[in-house]
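Take the sequence shown: its letters are residues 6 to 383, numbered as in my numbering.
Below is one structure; the comments refer to it alone.
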Amino acid sequence: MNVAADSCFIGQGSEMVDRFSSASTWERADARWPNHEQRTLICTRVSDETHDVRTFVFSTADGQLFSFEPGQFMTVSAQIDGKEISRCYTISSPPTRPYALSITVKRTPGGVMSNWLHENMKAGVELKAFGPSGVFTPSSGPALKSLYLSAGSGVTPLMSMTRAALDLGLNRDIVFVHSARTPEDIIFRKELAALCGVSGKLRVIHICEAPGNKADWSGPVGRLDLELLMEHVPDFRDREVFICGPAGYMDASRKMLVDSGHDASRYHQESFNFAETVECAEQPACAPAGQAGYTVRLARSGREFTMDASQTVLAAARKAGVPLPSSCSQGICGTCKTRVLEGSVEMKHNGGIRPREIEKGMRLMCCSRPTSDLVLDL
Ligand code: FES
Numbered sequence: 006m007n008v009a010a011d012s013c014f015i016g017q018g019s020e021m022v023d024r025f026s027s028a029s030t031w032e033r034a035d036a037r038w039p040n041h042e043q044r045t046l047i048c049t050r051v052s053d054e055t056h057d058v059r060t061f062v063f064s065t066a067d068g069q070l071f072s073f074e075p076g077q078f079m080t081v082s083a084q085i086d087g088k089e090i091s092r093c094y095t096i097s098s099p100p101t102r103p104y105a106l107s108i109t110v111k112r113t114p115g116g117v118m119s120n121w122l123h124e125n126m127k128a129g130v131e132l133k134a135f136g137p138s139g140v141f142t143p144s145s146g147p148a149l150k151s152l153y154l155s156a157g158s159g160v161t162p163l164m165s166m167t168r169a170a171l172d173l174g175l176n177r178d179i180v181f182v183h184s185a186r187t188p189e190d191i192i193f194r195k196e197l198a199a200l201c202g203v204s205g206k207l208r209v210i211h212i213c214e215a216p217g218n219k220a221d222w223s224g225p226v227g228r229l230d231l232e233l234l235m236e237h238v239p240d241f242r243d244r245e246v247f248i249c250g251p252a253g254y255m256d257a258s259r260k261m262l263v264d265s266g267h268d269a270s271r272y273h274q275e276s277f278n279f280a281e282t283v284e285c286a287e288q289p290a291c292a293p294a295g296q297a298g299y300t301v302r303l304a305r306s307g308r309e310f311t312m313d314a315s316q317t318v319l320a321a322a323r324k325a326g327v328p329l330p331s332s333c334s335q336g337i338c339g340t341c342k343t344r345v346l347e348g349s350v351e352m353k354h355n356g357g358i359r360p361r362e363i364e365k366g367m368r369l370m371c372c373s374r375p376t377s378d379l380v381l382d383l
C-alpha cells in the first residue's frame, strides 16, 4: 500500500503543498527502485499523442509498484543493431498512479532510440531501464504558486507534476505555458483542457509558432516573449518557475525572466538536454595495464577492476565490461549516482547531484576519478 502517498490527503493548504514538494512523500520503502538498478519493464499500451509523438506505458515484470518524484527521468536501454543504446526520458505519468509508468517520446529524424521505440514497442515487448533519477522535481522549489514553461516534448515532466498535483486534490495555483510548432504538435492538449475543468486554479496557455492547418486556431502565434508572458501571467515574478524544453528555448526564457526581475533562485530547469540526448560516450582509451594504480570493487556483484586516476570510474568500468547506469556522461543527469562505501574520489560535476547526497557519500561515477582504492555500493 502506498502509505506515504496516502498521507498526502491529510491536511490542508500549505501543509499539503509541502508534502507535494517533499521528496520523502514519494519514497515508499517497499517499492523504491534505485537508479543504479536495471530492471525489466513490459509495455502494456502505446498511444498516439500527435502525428510524431507516442506514449509508451509500462509495468514491471515482477509486479512491483513504481516509486519516483514527479519530474524525474529514467534511462532506458535496448539492443539496436547489435549495440546497447541508452537514452534518458522524463516520466510523463504521475507517481500517484504507481501501477504503471509512461514515457512520451517524439520521433526525431535520425534518432536511434526514438525511432526504434516508435517502430518496435508494443504491448508485451520488454525494455530494460535504470530506476528513476533527477533533481528537476517540486522538492527543488516548494511553492504555492508555480509557472510551468515547456516546449515540444519538454512538456512531459511538467505533465507528471500537474497530474500528481491534481490527483492529490491540491488545487495548486499552476499556470502552464506550453510552446509548440503548430496546433497539431500540441502534446496532451485535450487532457490539459480537461484538467483545467477539474481544478479552477490550473490555467493552460498554448503558444504556436505557426497556425498550421488549423484555420480555427485562436491562441497566441509566435514564440514566448515578455509581452506574451505579461499578458497571460502578469504575476509571473511571484511564481516558482519550472522549465523544460530544447536548450535554446530554456536559455532564452531564463534570460527573459532574469532581465525582467524574476528571482533566479526560484527558477528550475531540466538539467539535461533530453531533446539531443546522444548515445553513451564511446569508451576512452584505457591506461596501459602497468599504470593501473587503483582497485575498484563492486560490493554487491563482487566484480573488481583496476584503473588509474586519468580515467573516470565510469569509463574504466565500461572498459572492464562492467555495466553501470549512465546517460549524459557529463555530471548533469545523475543517472550514474553511486554510494562510495570505502575510499575517496575527486568529483567535478555539473549539477547532477545534491549537496545532501554528497554528504551521504554519493558520487557521480561519470565525473569521479579515484584517489585511493574504492568499494562501491553496486
Ligand atoms: Fe549523467 Fe553521470 S551519467 S551524471
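For glycine and all other residues, C-beta sits at the position ideal for the given N, C-alpha and C.
On a predicted model such as this, the values are computed, not experimentally measured, just so you know.
Asked, Found
"Taking just the CA atoms, how far does aspartate 313 sit from methionine 352?", "15 Å"
"Check tyrosine 104 in the structure and name its three-state DSSP category.", "coil"
"Could you tell me which of Val62, His211, Met166 and Leu149 sits nearest to arginine 50, measuring between CA atoms?", "Val62"
"Sort out for me which residues DSSP pairs proline 225 with in a bridge.", "Partner(s): none; proline 225 has no beta bridge."
"Roughly how many angstroms separate the alpha carbons of glutamate 362 and valine 140, rounded to a whole number?", "11 Å"
"What does a CB cutoff of less than 6 Å around serine 145 pick up in its chain, not counting 5 residues either side in sequence?", "His273"
"Tell me the residue span of the beta strand (DSSP E) that contains isoleucine 47.", "43–55"
"For histidine 354, list the residues DSSP reports as bridge partners.", "Answer is none; histidine 354 lacks a bridge partner."
"Are the Cβ atoms of phenylalanine 4 and threonine 340 separated by less than 8 Å?", "What the structure shows of the chain is the stretch from 6 to 383, and residue 4 is not part of that stretch, so it cannot be assessed."
"Helix, strand or coil, according to DSSP, for glutamate 74 in the structure here?", "coil"
"Between histidine 211 and serine 258, what straight-line distance do the alpha-carbon atoms span, to the nearest angstrom?", "15 Å"
"Would you kindly work out how many angstroms separate the C-alpha atoms of serine 165 and glycine 298, rounded to a whole number?", "45 Å"
"Using a Cβ-based criterion (distance less than 7 Å to any ligand heavy atom), does leucine 154 qualify as near ligand 1?", "no"
"Is glutamate 309 helix, strand or coil when you go by DSSP?", "strand"
"Quick check on threonine 80: does DSSP put it in helix, strand or coil?", "strand"
"Distance cutoff 8 Å, beta carbons only. Does serine 334 sit that close to anything in chain D?", "In the structure shown, chain D does not exist; there is a single protein chain."
"Figure out for me which residue from Gly205, Pro330, Ile358 and Ala28 has the closest Cα to the Cα of threonine 80.", "Pro330"
"Name the DSSP bridge partner or partners of glutamate 364?", "The partner list for glutamate 364 (beta bridge, DSSP) is empty, contrary to what the question assumes."
"Taking arginine 168 as the reference, which of Ala28, Ile191 and Ala198 has the closest Cα?", "Ala198"
"Within its chain, find whatever has a CB closer than 7 Å to the CB of arginine 37; leave out the 5 residues flanking it on each side and keep chain order.", "Ser72"
"Pairs of beta-carbons, one from the region 299–311 and one from the region 102–112, closer than 8 Å: are there three or more?", "no"
"Would you report the Cα separation of glycine 174 and leucine 149, rounded to the nearest angstrom?", "14 Å"
"What are the start and end residues of each continuous beta strand (DSSP E) run of 3 or more residues lying completely inside the region 192–279, in chain order?", "207–213, 245–249 and 272–274"
"For serine 388 versus cysteine 371, is the C-beta distance shorter than 8 Å?", "Here the chain covers residues 6 to 383 and nothing more, so residue 388 does not appear."
"Using the C-alpha atoms, what's the distance from leucine 207 back to isoleucine 179?", "5 Å"
"How long is the line joining the alpha carbons of valine 380 and lysine 342, rounded to whole angstroms?", "14 Å"
"Taking 7 Å as the cut-off, is the C-beta of glutamine 77 nearer than that to any heavy atom in ligand 1?", "no"
"Is it the case that the Cβ atoms of serine 265 and leucine 231 are separated by a distance below 8 Å?", "yes"
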